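As structure tokens, the structure follows; a few thoughts come after it.
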Amino acid sequence: MSETLIPNPDSSPNTTIDWSVLEGDYDKETDVNQANPETTTEQLDKAVMDVIAAREELSKLLEDPKDWPAAREQSVALQALIKHRNKLAEQRANERPAE
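Per my numbering, residue 29 is the first one in the sequence shown, and the count goes up by one each step.
Set out below in structure tokens:
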């Protein structure tokens with residue numbers, strides 16, 4: 029049995045994909061499972077700002093149909109940033125002592 033790949037008719041030859049985002053190279057800093065609370069808080073603050081900036085960029089790209097291929101890439105990057113932010117938020121929540 030063989031598979032036939034059909035090219036995506038919506039893809040642009042000028043579209044490039046940053047595979048490092050998909051392959052997990054985004055977080056080259058300290059592993060969140062080993063971070064101290066101060067480091068995790070700083071990383072979370074940065075991750076929140078990164079998500080906000082990525083959403084703003086995506087919003088701008090969606091305004092012009094010519095930018096939609098770049099918007100798809102930005103959407104993938106945004107998803108990775110959101111996952112990273114959520115992972116840090118969960119880590120930070122687990123570090124807080126029960127009251």
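Backbone N, C-alpha and C fix where the C-beta goes; we use that ideal spot for every residue, glycine too. What you are looking at is a predicted structure, and each value in this text was computed from that prediction instead of being measured.
Asked: Nearest-angstrom Cα separation, counted from L106 out to L89; Found: 13 Å
Asked: Outcome for A81 when other beta-carbon atoms lying within 10 angstroms are tallied against a minimum of 16; Found: exposed
Asked: Buried versus exposed, by CB contacts within 10 Å (16 or more), A121; Found: exposed
Asked: For E91, three-class secondary structure by DSSP; Found: coil
Asked: Inter-residue Cα distance where the pair is S87 and A117; Found: 24 Å
Asked: C-alpha gap between Q119 and T68, whole angstroms; Found: 8 Å
Asked: Same chain only: Cβ atoms within 6 Å of L102, ignoring 5 sequence neighbours per side; Found: According to the sequence shown, residue 102 is Gln rather than Leu. So the qualifying residues of the chain are E85, L86, L89.
Asked: Candidates D95, V79, D92, P93, of which the one nearest A108 by Cα; Found: V79
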